[in-house]
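Each remark here refers to the structure printed beneath this line.
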Amino acid sequence: MTALIEAARTPGFPAEIALVLSNNPDAAGLRTAAEAGIAALAIDHRPHGRDREAHERQIDAALEAAGIGLVCLAGYMRLLTPFLVLRWQGRMLNIHPSLLPAFPGLHTHERALSAGVKLHGCTVHLVTEIMDEGPIIGQAAIPVAADDTPDTLSARVLEQEHRLYPMALARHLGAASTPTATGALLAV
Numbered sequence: 000m001t002a003l004i005e006a007a008r009t010p011g012f013p014a015e016i017a018l019v020l021s022n023n024p025d026a027a028g029l030r031t032a033a034e035a036g037i038a039a040l041a042i043d044h045r046p047h048g049r050d051r052e053a054h055e056r057q058i059d060a061a062l063e064a065a066g067i068g069l070v071c072l073a074g075y076m077r078l079l080t081p082f083l084v085l086r087w088q089g090r091m092l093n094i095h096p097s098l099l100p101a102f103p104g105l106h107t108h109e110r111a112l113s114a115g116v117k118l119h120g121c122t123v124h125l126v127t128e129i130m131d132e133g134p135i136i137g138q139a140a141i142p143v144a145a146d147d148t149p150d151t152l153s154a155r156v157l158e159q160e161h162r163l164y165p166m167a168l169a170r171h172l173g174a175a176s177t178p179t180a181t182g183a184l185l186a187v
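Heads up: the sequence shown at position 18 corresponds to 17 in numbering that gives the first Met the number 0, and the numbers run straight through without jumps.
And the structure:
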């Protein structure tokens with residue numbers, strides 16, 4: 000999230016971060032956004048119990064009220080329902096810590112090491128109804144070192160995520176038939 004905020008402050012960057020939204024009222028990203036002068040909003044999922052769509056309807060209403068045109072997921076660790084995914088189809092990006100289609104879901108670094116891959120990395124993709132299977136916008140790869148642990152690999156992939164996400168966002172907006180000028184980040 001911070002990498003996207005910093006990139007959006009660069010002259011000529013095609014997006015403005017207009018809102019940071021989280022399902023966790025205690026999320027550090029909300030404080031980071033507020034300190035950066037960006038609107039920050041928490042919509043706690045817990046009062047909705049198992050009704051995920053009710054929670055997402057509140058998110059959707061907040062995004063619409065803020066005039067958001069594109070959503071970038073950054074650390075948002077909840078599976079989305081078809082309601083929100085379809086509402087924002089083609090206008091919601093995610094970053095995932097693997098070279099998709101390899102290792103969708105959680106524990107990507109552990110699984111990459113267990114599989115003995117030589118390359119690992121991260122992927123920015125459009126969000127679809129199937130988790131981590133949307134069209135790929137960009138990827139960054141790093142070699143896996145013989146002495147890598149999940150923590151060291153995670154740290155090196157995170158460096159690539161911070162470089163890739165802003166570039167992929169700019170590329171996506173440049174490729175869009177009608178570039179979107181305002182965006183929101185859903186961050187945990």
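Yeah, the Cβ is synthetic: ideal placement off N, Cα and C, and Gly gets one too.
Residues of the same chain with a CB within less than 6 angstroms of the CB of R90, apart from the 5 flanking positions on each side, are L69 in chain order. Assigned with DSSP and collapsed to three states, Q138 falls in strand. Comparing alpha-carbon positions, the option among E34, E15, A14, L79 lying closest to H44 turns out to be L79. Taken through DSSP and simplified to helix, strand or coil, H161 comes out as helix. DSSP, read as helix, strand or coil, puts V143 in coil. Judged by DSSP secondary structure, A53 falls within the alpha helix (DSSP H) whose first and last residues are 51-64.
Here P165 is buried, its C-beta having at least 16 other C-beta atoms within 10 Å. A Cβ-Cβ separation of about 7 angstroms places V126 in contact with L92 under the 8 angstroms criterion. For L125, the three-state secondary structure derived from DSSP is strand. Here DSSP, grouped into helix, strand and coil, assigns S21 to strand. If you check the CB distance, L105 and T148 do not come in under 9 angstroms.
In this model, A17 and A145 are separated by some 42 angstroms (Cα to Cα). Rounded to the nearest angstrom, the gap between the Cα atoms of A61 and E15 is 17 angstroms. Ranked by Cα distance from A167, the first of Y75, Q138, I4, V143 is Q138. For the 9 angstroms CB-CB criterion, P103 and E128 do not form a contact. Contact between A38 and A2 does not hold, since their C-beta atoms are separated by about 19 angstroms, which reaches or exceeds 8 angstroms.
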